[in-house]
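K.L.:
The following block contains the structure, expressed as structure tokens.
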């Protein structure tokens, strides 16, 4: 079992039982107690668990998360600026995916009046936003509907995505960090997003500054599995520099100068970034 798979499995055990003893956790995962102890230390650093004497308790981050409508209003100005930069990255004839993150709804709003592009999405708000746009070929993917997060998911949807070749993926994320990669607060979001990463030629993360330099409960992928991050001017430059050192292009939305490292700037960010085939979700070295 890979390290990141083991962390996910450990969290699932704690989530079901709320509390777990060290020896019991080691038996369930088939690893040593010292390995479980190290994993618990890492999960505690991410805020996923709280260690107690002889074990750990699960921290229910979902209950702490604000509802989708509240998240959509958070950092609204920053998300709007990010969306304006991201919209300029979409070229004529391209097939792009807008995921269910709130930042992607802002991007959808910026696409009003666009012509000759195909937008694929599993987000109900994005579907509603673009449903009357005659110049956009809208591909709406259905499945099991998550009312809290306002998106569709499930095995059938994942199978349909696996057959697609997407030019660009615009991905919202809860946390992004050069060392820990991309992470989410809900395990249910991981499967669809991993398929999306595999199906896309260019992977672009839309992350306002509150998401940068953080790690959350469930690891989606390593930083090498994405190509570009679009963020706002309030992001910590030290964290952005680490992302660039890891090989990711960084675009600071609203700045006319080229992004760190000399990549495509926010106003010319439609230039293609070389795609890098990889097996998404396979654990890299942290």
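Numbering (the numbering used here), first residue to last: 279 to 564.
For glycine and all other residues, C-beta sits at the position ideal for the given N, C-alpha and C.
In this structure, does DSSP put residue 286 in helix, strand or coil?
P.N.:
helix
K.L.:
Which ranges does the alpha helix (DSSP H) cover as unbroken runs of at least 4 residues, wholly within the stretch 467–537, from first to last along the chain?
P.N.:
As far as the stretch 467–537 is concerned, its whole alpha helix (DSSP H) runs of at least 4 residues are 468–477 and 515–523.
K.L.:
Output the distance between the C-alpha atoms of residue 397 and residue 474, rounded to the nearest integer angstrom.
P.N.:
14 angstroms
K.L.:
What distance in whole Å lies between the Cβ atoms of residue 309 and residue 349, which are believed to be in contact at a cut-off of 8 angstroms?
P.N.:
About 36 angstroms; that fails the 8 angstroms criterion.
K.L.:
What residue does the beta strand (DSSP E) around residue 444 start on, and which one ends it?
P.N.:
Counting along the chain, residue 444 sits inside the beta strand (DSSP E) bounded by residues 444–450.
K.L.:
What did DSSP end up calling residue 360 once you bin it into helix, strand or coil?
P.N.:
helix
K.L.:
Could you pull out every residue in the same chain whose Cβ sits closer than 7 angstroms to the Cβ of residue 511, ignoring the five residues on either side in sequence?
P.N.:
Counting only Cβ-Cβ distances below 7 angstroms, and skipping sequence neighbours, we find 530, 532 and 533.
K.L.:
Beta carbon of residue 374, beta carbon of residue 445: below 9 angstroms?
P.N.:
Contact flag set, yes.
K.L.:
Do you know whose CA, among 432, 442, 435 and 427, lies nearest residue 452's CA?
P.N.:
427
K.L.:
Alpha carbons only, please: which of 461, 335 and 387 is nearest the one belonging to residue 358?
P.N.:
If we check each option's Cα against that of residue 358, 387 comes out closest.
K.L.:
Decide if residue 546 is buried, meaning its Cβ has at least 16 other Cβ atoms within 10 Å, or exposed.
P.N.:
For residue 546, the predicted structure reports a pLDDT of 36, less than 50, and the residue's modelled location is therefore unreliable. The matter cannot be settled from this model.
K.L.:
Ends of the alpha helix (DSSP H) at residue 412?
P.N.:
From DSSP, residue 412 is part of no alpha helix (DSSP H); its letter is neither H nor E.
K.L.:
Mind checking who residue 384 pairs with in its DSSP beta bridge?
P.N.:
Beta-bridge pairing links residue 384 to no other residue.
K.L.:
Which residue from 312, 458, 527 and 417 puts its Cα closest to that of residue 332?
P.N.:
312
K.L.:
Does the stretch 460–471 come close enough to the stretch 509–528 that 3 or more CB-CB pairs lie under 8 angstroms?
P.N.:
Counting C-beta pairs closer than 8 angstroms gives fewer than three between the stretch 509–528 and the stretch 460–471, which falls short of the contact rule.
K.L.:
Output the residue ranges of the beta strand (DSSP E) runs that lie fully inside the stretch 299–332 and measure 3 residues or longer, sorted by chain position.
P.N.:
327–330
K.L.:
Rounded to a whole number of angstroms, what is the C-alpha to C-alpha distance between residue 541 and residue 501?
P.N.:
At residue 541, the pLDDT of 38 sits below 50, so the modelled position is not reliable; the number obtained from the coordinates is stated separately. Their Cα atoms are separated by approximately 17 angstroms.
K.L.:
Determine the DSSP secondary structure at residue 373, reduced to helix, strand or coil.
P.N.:
strand
K.L.:
Return helix, strand or coil for residue 425, following the three-state DSSP convention.
P.N.:
coil
K.L.:
Quick check: the Cα distance between residue 307 and residue 324, rounded to an integer number of angstroms?
P.N.:
20 angstroms
K.L.:
Within the continuous alpha helix (DSSP H) that includes residue 436, where are the two ends?
P.N.:
Its alpha helix (DSSP H) spans residues 433–440.
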